[in-house]
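Enquirer: First to last, the protein sequences are chains A and B. If you want the numbering used here, it's the 1-based position in the first sequence plus 238. If you want the numbering used here, it's the 1-based position in the second sequence plus 113.
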Amino acid sequence: MSVKSYRQALNEAIRQEMERDERVIVMGEDIAGGMGAPGEDDAWGGVLGVTKGLMPQFGRERVLDTPISESAFIGCAAGAAATGLRPVAELMFVDFMGVCFDQIFNQAAKFRYMFGGKAVTPLVIRTMYGAGFRAASQHSQCLYPLFTHIPGLKVALPSNAYEAKGLMTQAIRDDDPVVIFEHKAMYDEEMEVPDEAYGIPFGEANVTREGDDVTMVAFGRMVNLANEVADSLKGSGISCTVVDPRTTSPLDEETILETVSETGRLVVIDEAHPRCNMATDVSALVSQEIFSDLKAPVKMVTAPHCPVPFSPALEDVYIPSTAKIEAAVREVVGKGH
Amino acid sequence: MQLNRDDLKEAYRRMCLIRDFEDKVHDEFAAGNIPGFVHLYAGEEASAVGVCMHLEDRDAIASTHRGHGHCIAKGCDAEGMMSEIYGKKDGLCGGKGGSMHIADLSKGMLGANGIVGGGPPLICGAALTAKTLKTGGVAIAFLGDGASNQGTTLESYNLAKIWNLPAIFVVEDNRYAESTASAWSVAGTQTKRAEGFGMPGTEVDGHDFFAVWEVAREAIERARNGEGPSLIHVKLNRYYGHFEGDAITYKGDGEVDKVKAEQDCLKLFKQRVVETSLLEPDELNEIETSVKSYIDQCAATATNGSSPTEADLMTDVYLSY
Chain A
239 MSVKSYRQAL NEAIRQEMER DERVIVMGED IAGGMGAPGE DDAWGGVLGV
289 TKGLMPQFGR ERVLDTPISE SAFIGCAAGA AATGLRPVAE LMFVDFMGVC
339 FDQIFNQAAK FRYMFGGKAV TPLVIRTMYG AGFRAASQHS QCLYPLFTHI
389 PGLKVALPSN AYEAKGLMTQ AIRDDDPVVI FEHKAMYDEE MEVPDEAYGI
439 PFGEANVTRE GDDVTMVAFG RMVNLANEVA DSLKGSGISC TVVDPRTTSP
489 LDEETILETV SETGRLVVID EAHPRCNMAT DVSALVSQEI FSDLKAPVKM
539 VTAPHCPVPF SPALEDVYIP STAKIEAAVR EVVGKGH
Chain B
114 MQLNRDDLKE AYRRMCLIRD FEDKVHDEFA AGNIPGFVHL YAGEEASAVG
164 VCMHLEDRDA IASTHRGHGH CIAKGCDAEG MMSEIYGKKD GLCGGKGGSM
214 HIADLSKGML GANGIVGGGP PLICGAALTA KTLKTGGVAI AFLGDGASNQ
264 GTTLESYNLA KIWNLPAIFV VEDNRYAEST ASAWSVAGTQ TKRAEGFGMP
314 GTEVDGHDFF AVWEVAREAI ERARNGEGPS LIHVKLNRYY GHFEGDAITY
364 KGDGEVDKVK AEQDCLKLFK QRVVETSLLE PDELNEIETS VKSYIDQCAA
414 TATNGSSPTE ADLMTDVYLS Y
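So, in structure tokens, the structure goes:
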């Protein structure tokens, strides 16, 4: 066990899986960096340094810098996965899915079904998401609901460094295509993380706080905000449960329903845009299955239905905040019987 | 490398199998016995077979929406294919894929593909696997003139070249992307495009099995020797419409009839091997007869097969979930 950042945890997971299984390769734009250039080799290790050090250890044959050609190399990763490799491909920012989505949702996701159960496609797509970097509309989105919608894909959202290592390891070992969303504002967040390799099973939520009055279901980075709110509301006599589903596909419906049944109140926190996102999905699930257990209407805290703005003054009000989450919790706790 | 008598018989058998398969699907579709829509390969047989005669199971191909010919040429089971096209449980994909998604990964057939230009990136992946695991295999993307204008295709040329992949791009130019003439839709030429990416590009008459076979041999040898990707521009004609039900009003009067009379790949093959005494007419006739009865049997099996049930709906989405 040692203190590791989210970035280091991801790097260690990939490195350990590459050491364990030589079929694991990584590819992406600037994944090592400096390819063909006169200067330093492994110049970047990915645009934010997550894969730094892999190329010197495993060589250019297993750490492949790609041209800026997402549809070619993401499709290439899908084809390589279907024929015997276990590629970890980096789609630098999830916003870039627009230029390669066909290869993900029409090809990789559907091979197994279309081919009558005969295809095995152990593909991992790593991608960055989330606002807070002043990166504006095309580098800040939370597009995991779009991937969650597609049968055949699994979607993981690690909420801290421990989760990042375990979910990345699991993703690489999984035989289905997995998209793993790394929040760009979390790479430097540190915590104690085991040194040995470990997987965290998909579809098993983590209950990070246990309480009686309200359940917060939060996704990705929002789990940390929900934990903060839960801790601070203790002083006001409000006791909160926080559920981190870890994966949106598969989704641990059972834990969500159980905890909401116990508290009778639900606040869902999702950094994605509000229409057809995880918050609406969880709200629908709860209303359909345990409506009679609810003591108050469900409350959603999400980003608004507008593109991610650039100006710090705007982006700060765009992102769900602890203040908004706390207000939502107080509102539902104040209602009902 | 030369074609021996057995190779020639096998090539003719595969080409006949494709032709009869497609003619049967055409008739059965017209009779209302086949659901969905189908795109037939009749007329283009020399391309798929001329290329795939060089391949083994370790070699991969990716196909197109017009994929039946590539599947048969690569060794997919025709009976399983016919059942698949009928949507039956015993189909090659359990009735879940249909005409546009026939695949058999054990034969290196990575799937017909409903997305125009879907195959070339996948083939870069299969080629990367072959290169990384040192299997000695090659990977071939069949694509149409329509797909030659997709970004995925051009990006794949670039990736295959800079990574020096054992990949071959076979552009089957049947002169029409749906109803739109390739003479209009393709800027420049296919071979000059290849040249632009620094890979060899060769144009070949796709009605001539022997010409395709020879060009494919060179490209495949290059790839196997680690000399990187190539492009083959195969010029040919399709006999049926873009899909079944297409009235083909965009073609000129007598256009297809003229090709059938003068350039039919099966007739040209037969003429050549008989004139040069490579095979006897009887041997060819025997192949034709046995293929015809086999295709009848495929259709009968498909007709009589049972459909999948609701219990099959949710299987095969994931390995585990």
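Each residue gets a CB set at the ideal place from its N, CA and C atoms; glycine is no exception.
1. Where does Cys129 (chain B) fall in DSSP's three states?
2. Pull the bridge partners of Thr453 (chain A) from the DSSP assignment, please.
3. Between the Cα of Leu344 (chain B) and the Cα atoms of B:Gly145, B:Thr389, B:Glu197 and B:Met312, which residue gives the shortest distance?
4. If you follow the alpha helix (DSSP H) that Leu241 (chain B) is part of, which residue opens it and which one closes it?
5. Could you tell me which chain B residues have their CB closer than 7 Å to the CB of Ala316 (chain A), listed as they occur along the chain?
6. Does the stretch 400–417 of chain A come close enough to the stretch 450–457 of chain A to have 3 or more Cβ pairs within less than 8 Å?
7. When the distance is taken between beta carbons, is Tyr154 (chain B) closer than 8 Å to Gly182 (chain B)?
8. Using a Cβ-Cβ cut-off of 6 Å (strictly less than) and excluding sequence neighbours within five positions of Met213 (chain B), which residues of its own chain qualify?
9. Since I believe Phe322 (chain B) is in contact with Gly163 (chain B) (beta carbons under 8 Å), could you give me their beta-carbon distance rounded to a whole number of angstroms?
10. With DSSP as the reference, label Lys201 (chain B) as helix, strand or coil.
11. For Ile557 (chain A), count neighbouring C-beta atoms within 10 Å of its own C-beta (all shown protein chains included) and say buried if the count is 16 or more, exposed if not.
12. Gly404 (chain A) by DSSP, collapsed to three states: which one?
13. Looking at the strands, I want to know which residues DSSP matches up with Asp303 (chain A).
14. With a CB to CB cut of under 7 Å and the five nearest residues on each side skipped, what residues in its chain are close to Tyr353 (chain B)?
15. Within this structure, are the beta carbons of Arg503 (chain A) and Ala443 (chain A) separated by less than 8 Å?
16. Using a Cβ-Cβ cutoff of 8 Å, what residues of the stretch 294–322 of chain A are near chain B? List them in chain order.
17. Would you identify the three-state DSSP class for Ile252 (chain A), choosing helix, strand or coil?
18. What is the residue span of the beta strand (DSSP E) that Ser343 (chain B) lies within?
19. Would you verify that the beta carbon of Asp279 (chain A) is, or is not, closer than 8 Å to some beta carbon of chain B?
20. Would you kindly report the start and end of the unbroken alpha helix (DSSP H) that includes Ala315 (chain A)?
21. Taking only three categories from DSSP, how would you classify Met352 (chain A)?
22. Which chain C residues sit within Cβ distance under 9 Å of Arg350 (chain A)?
23. Using 8 Å as the limit for Cβ to Cβ distance, is Cys411 (chain B) near chain A?
24. Against Asn277 (chain B), what residues of chain A qualify as contacts under a CB-to-CB distance less than 8 Å, listed in chain order?
25. Kindly indicate which residue of A:Met424, A:Asp414 and A:Ala369 has the alpha-carbon position closest to the one of Glu553 (chain A).
26. Does any residue of chain A bring its CB to less than 8 Å from the CB of Ile228 (chain B)?
27. Contact defined as beta carbons within less than 8 Å: I believe His346 (chain B) pairs with Gln376 (chain B). What is the distance between those atoms, to the nearest angstrom?
28. Which two residues bound the contiguous beta strand (DSSP E) that contains Glu327 (chain B)?
29. Taking the continuous alpha helix (DSSP H) assigned at Tyr270 (chain B), which residues delimit it?
30. Are Val431 (chain A) and Ala399 (chain A) close, meaning C-beta to C-beta below 8 Å?
31. Using the beta-carbon of each residue, which ones in chain B are nearer than 7 Å to Gln345 (chain A)?
32. Taking Pro545 (chain A) as the query, report the chain B residues whose CB atoms sit under 9 Å from its CB, ordered along the chain.
33. For a minimum of 4 consecutive residues, which ranges assigned as the alpha helix (DSSP H) are wholly contained in the stretch 489–545 of chain A?
34. Where do the ends of the alpha helix (DSSP H) carrying Met366 (chain A) lie?
35. Once the 5 residues before and after Ile312 (chain A) are set aside, which same chain residues still bring their CB inside 6 Å of it?
36. Along chain A, in chain order, which residues have C-beta atoms closer than 9 Å to that of Lys209 (chain B)?
Expert: This is what the structure holds:
1. Of the three classes helix, strand and coil, the one that applies to Cys129 (chain B) here is helix, per DSSP.
2. Per DSSP, A:Thr479 and A:Leu504.
3. Considering only B:Gly145, B:Thr389, B:Glu197 and B:Met312, the residue with the shortest C-alpha distance to Leu344 (chain B) is B:Met312.
4. For Leu241 (chain B), the enclosing alpha helix (DSSP H) starts and ends at Gly232 to Thr245.
5. Chain B residues near Ala316 (chain A): Leu235 and Gly238.
6. The stretch 400–417 of chain A, when compared against the stretch 450–457 of chain A, does not touch it at the 8 Å Cβ threshold.
7. Here Gly182 (chain B) is near Tyr154 (chain B), since their CB atoms are less than 8 Å apart.
8. Beyond the five residues adjoining it in sequence on each side, Met213 (chain B) comes within less than 6 Å, by CB distance, of His178, Ala225 and Gly227 in the same chain, given in chain order.
9. About 5 Å; that satisfies the 8 Å criterion.
10. Three-state result, Lys201 (chain B): coil.
11. It is buried - the Cβ of Ile557 (chain A) has at least 16 other Cβ atoms within 10 Å.
12. Shown here, Gly404 (chain A) sits in a helix according to DSSP, grouped into three states.
13. DSSP, once it has assigned bridges, lists A:Gly266 as partnering Asp303 (chain A).
14. Around Tyr353 (chain B), the same chain offers His139, Leu153 and Ala155 as residues with beta carbons nearer than 7 Å, after the five sequence neighbours per side are excluded.
15. For Arg503 (chain A) and Ala443 (chain A), no; Cβs fall outside 8 Å.
16. If you check each beta-carbon in the stretch 294–322 of chain A against every beta-carbon of chain B, the ones closer than 8 Å belong to Glu299, Arg300, Leu302, Thr304, Pro305, Ser307, Ser309, Ala310, Phe311, Ile312, Gly313, Cys314, Ala315, Ala316, Gly317, Ala318, Ala319, Ala320, Thr321 and Gly322.
17. In this structure, Ile252 (chain A) counts as helix in the three-state DSSP scheme.
18. Taken as a continuous stretch (DSSP letters only), the beta strand (DSSP E) holding Ser343 (chain B) covers Ser343 to Lys348.
19. Interface with chain B (8 Å Cβ-Cβ cutoff): Asp279 (chain A) is excluded.
20. Glu308 to Ala320 is the extent of the alpha helix (DSSP H) around Ala315 (chain A).
21. DSSP places Met352 (chain A) within a helical segment (H, G or I) once states are collapsed to three.
22. No chain C appears in this structure, whose protein chains are A and B.
23. It does not; no Cβ of chain A falls within 8 Å.
24. Asn277 (chain B) does not reach chain A, its nearest Cβ partner there being about 12 Å away, counting only Cβ pairs nearer than 8 Å.
25. With distances taken between Cα atoms, Glu553 (chain A) lies closest to A:Ala369.
26. Interface residue (Cβ-Cβ distance to chain A less than 8 Å): Ile228 (chain B) is classified as such.
27. Between Gln376 (chain B) and His346 (chain B) the Cβ distance is about 17 Å, and since that is not below 8 Å, they are no contact.
28. Annotation: Glu327 (chain B) is outside any beta strand (DSSP E); the continuous alpha helix (DSSP H) that includes it extends over Phe322 to Arg337.
29. For Tyr270 (chain B), the enclosing alpha helix (DSSP H) starts and ends at Gly264 to Ile275.
30. Using a Cβ distance threshold of 8 Å, Val431 (chain A) and Ala399 (chain A) count as a contacting pair.
31. Simply Gly231 and Leu235.
32. Going along chain B, no residue has its Cβ under 9 Å from Pro545 (chain A), so there is no contact; the nearest lies around 24 Å.
33. Correct list: 491–501 and 516–528.
34. Counting along the chain, Met366 (chain A) falls outside any alpha helix (DSSP H), though it belongs to the beta strand (DSSP E) covering Val362 to Tyr367.
35. Cβ neighbours of Ile312 (chain A) within its own chain (closer than 6 Å, five residues either side excluded): Ala327, Cys338 and Gln341.
36. Near Lys209 (chain B) (Cβ distances below 9 Å), the residues of chain A are Tyr351, Met352, Phe353, Gly354 and Gly355.
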